[in-house]
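Student: Have a look at the structure that comes next, please.
Numbering (this note's numbering), first residue to last: 33 to 410.
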């Protein structure tokens with residue numbers, strides 16, 4: 033048996049596989065495959081946006097918008113870009129779908145290091161952003177062009193349970209695997225997508241707007257009990273299937289059903305977890321200010337479903353631990369739009385959302401108008 037393991041017929045294939053994997057890893061990190069990435073994907077959004085920035089000129093950027101899909105899909109970036117442009121400010125979109133803290137932090141630090149004339153960061157977040165650790169499976173794809181600024185020693189990105197998996201997900205082979213697989217499966221479709229995307233001006237990449245006409249008024253979502261009952265419906269019984277998928281994900285599990293039966297609140301973060309999450313944000317804010325930049329934090333409206341089924345019950349407390357530390361700084365501003373829809377008697381809350389996570393066209397227009405009005409005041 034020992035002789036078999038020592039024989040080259042055993043170890044040579046292993047060495048070859050490892051060697052090929054190392055070469056592929058290096059080539060992917062060097063960007064050899066980047067021209068073939070699917071444009072509309074976690075990885076593609078970041079790679080193509082970074083290329084558009086390079087074309088625009090990093091030295092020409094003055095402000096950046098940072099956030100996850102709630103901000104990236106939830107405002108009309110073109111109106112903000114035009115308003116700021118008229119004031120002599122180049123304010124560009126650096127918000128990405130599914131950005132958690134890791135992606136937000138690395139994008140901000142990359143921007144500060146590479147944009148010599150950057151003046152400030154326009155950060156759009158909800159209370160929920162201060163209630164969770166990061167999603168290991170997506171963050172490296174979202175933040176791949178900015179990975180040099182991911183700092184595992186300084187920040188606690190992930191829950192300790194997921195640290196081992198996070199080592200696997202850092203490899204380029206993992207980040208690119210499903211994109212490469214889809215390229216081979218649907219090569220003609222991919223090349224048409226790439227051709228269409230490459231024909232766009234960089235301004236289109238920074239200002240494109242999603243058309244989200246649907247609302248969620250067909251669903252009863254005023255409580256965890258209503259949400260659980262709604263999640264029991266069949267897909268064929270609903271019109272807004274995207275929203276229903278999210279509702280089923282959040283309220284169709286055993287945990288939500290037990291909570292509905294016992295009328296128990298959503299869990300809260302421990303004091304240690306609160307401290308780790310708040311320290312992450314404080315360290316990022318400190319870096320922004322130490323680099324001489326301004327920071328505007330926009331608190332986004334969240335659907336009431338977040339209060340009973342998505343965010344930990346002490347998320348607001350964690351958020352205030354962060355924001356209250358900086359309110360006296362002249363370079364810091366908080367714009368609070370959390371009650372933007374509640375204060376509007378002309379429409380019900382459900383009319384503003386295309387799913388409980390994202391705003392629809394009406395909500396997008398309302399939030400954009402509110403942001404534009406605040407920017408005009410400056």
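Quick reminder that beta carbons are idealized off the backbone N, C-alpha and C, glycines included.
Computed from a predicted model, the values in this text were never measured in an experiment.
Opposite residue 466 in the DSSP bridges: which residues?
Tutor: This structure gives no information on residue 466, because the portion of the chain shown stretches from 33 to 410.
Student: Which residue from 200, 255, 143 and 225 puts its Cα closest to that of residue 288?
Tutor: Closest option to residue 288, Cα to Cα, is 255.
Student: Contact check, residue 276 vs residue 270 under 8 Å by CB: the rounded distance?
Tutor: Contact holds; Cβ gap of about 5 Å.
Student: Report the rounded CA-to-CA distance for residue 147 versus residue 388, giving the unit in angstroms.
Tutor: C-alpha separation (whole angstroms): 35 Å.
Student: Just to confirm, is the Cβ distance from residue 70 to residue 179 under 8 Å?
Tutor: Cβ atoms of residue 70 and residue 179: not closer than 8 Å.
Student: Among the candidates 99, 129, 177 and 149, whose CA atom is the shortest distance from the CA of residue 1?
Tutor: Nothing about residue 1 can be read from this structure; the chain reaches only from 33 to 410.
Student: Residue 226 bridges to which residues according to DSSP?
Tutor: BP columns for residue 226 are empty, so no partner.
Student: Beta carbon of residue 332, beta carbon of residue 113: below 8 Å?
Tutor: No.
Student: For residue 193, which option in 183, 216 and 166 has the closest C-alpha, if you only look at C-alpha atoms?
Tutor: Selected option, being the one with the closest Cα: 166.
Student: Whose C-beta lies closer than 8 Å to the C-beta of residue 299 among residues of the same chain, with five residues either side of it excluded?
Tutor: Hits under 8 Å: 344 and 345.
Student: Run through DSSP, which three-state label would residue 412 get?
Tutor: Within the shown structure, residues of the chain are numbered from 33 to 410, placing residue 412 beyond reach of any answer.
Student: Checking 8 Å against the spacing of the C-beta atoms, do residue 338 and residue 160 come in under that value?
Tutor: In contact: residue 338 and residue 160 (Cβ atoms closer than 8 Å).
Student: Are there any heavy atoms of the ligand PLP lying less than 7 Å away from the beta-carbon of residue 257, as far as the coordinates show?
Tutor: The ligand PLP is absent from the structure shown, which contains no ligands of any kind.
Student: Per DSSP, residue 95 is paired with what?
Tutor: Looking at the DSSP assignment, residue 95 forms a beta bridge with 123 and 152.
Student: Tell me whether the beta-carbon of residue 22 lies closer than 8 Å to the beta-carbon of residue 79.
Tutor: For the chain, the structure presents residues 33 to 410; residue 22 sits outside this window and is missing.
Student: Scan the segment 126-190 and note each continuous beta strand (DSSP E) run of 3 residues or more that stays entirely inside, going in chain order.
Tutor: With a minimum length of 3 residues, the continuous beta strand (DSSP E) runs that stay inside the segment 126-190 are 152-157.
Student: Around the Cβ of residue 281, are there at least 16 other Cβ atoms within 10 angstroms (buried) or fewer (exposed)?
Tutor: The residue is exposed, with fewer than 16 neighbouring Cβ atoms inside 10 Å.
Student: By the DSSP assignment, the alpha helix (DSSP H) with residue 261 in it spans what residues?
Tutor: Element bounds for residue 261: 256-263.
Student: What is the rounded straight-line gap between the Cα of residue 367 and the Cα of residue 81?
Tutor: C-alpha separation (whole angstroms): 26 Å.
Student: Rounded to whole angstroms, what's the CA-CA distance from residue 218 to residue 172? Just pull it up for me.
Tutor: Their backbone Cα atoms lie some 24 Å apart in a straight line.
Student: For residue 93, which option in 100, 357 and 85 has the closest C-alpha, if you only look at C-alpha atoms?
Tutor: Considering only alpha carbons, the answer is 85.
Student: Run through the DSSP bridge pairs and tell me what residue 365 is partnered with.
Tutor: Residue 365 is bridged to 328.
Student: Within 10 Å of its beta-carbon, does residue 43 have 16 or more other beta-carbons around it, so buried, or fewer, so exposed?
Tutor: By the 10 Å Cβ count, residue 43 comes out exposed.
Student: Grab the span of the alpha helix (DSSP H) containing residue 217 for me, first residue to last.
Tutor: Where residue 217 is concerned, the enclosing alpha helix (DSSP H) stretches over 204-217.
Student: Taking the Cβ atom as the reference point for each residue, do residue 341 and residue 259 lie within a distance shorter than 8 Å?
Tutor: Against a cut-off of 8 Å, the Cβ pair of residue 259 and residue 341 comes out as a contact.
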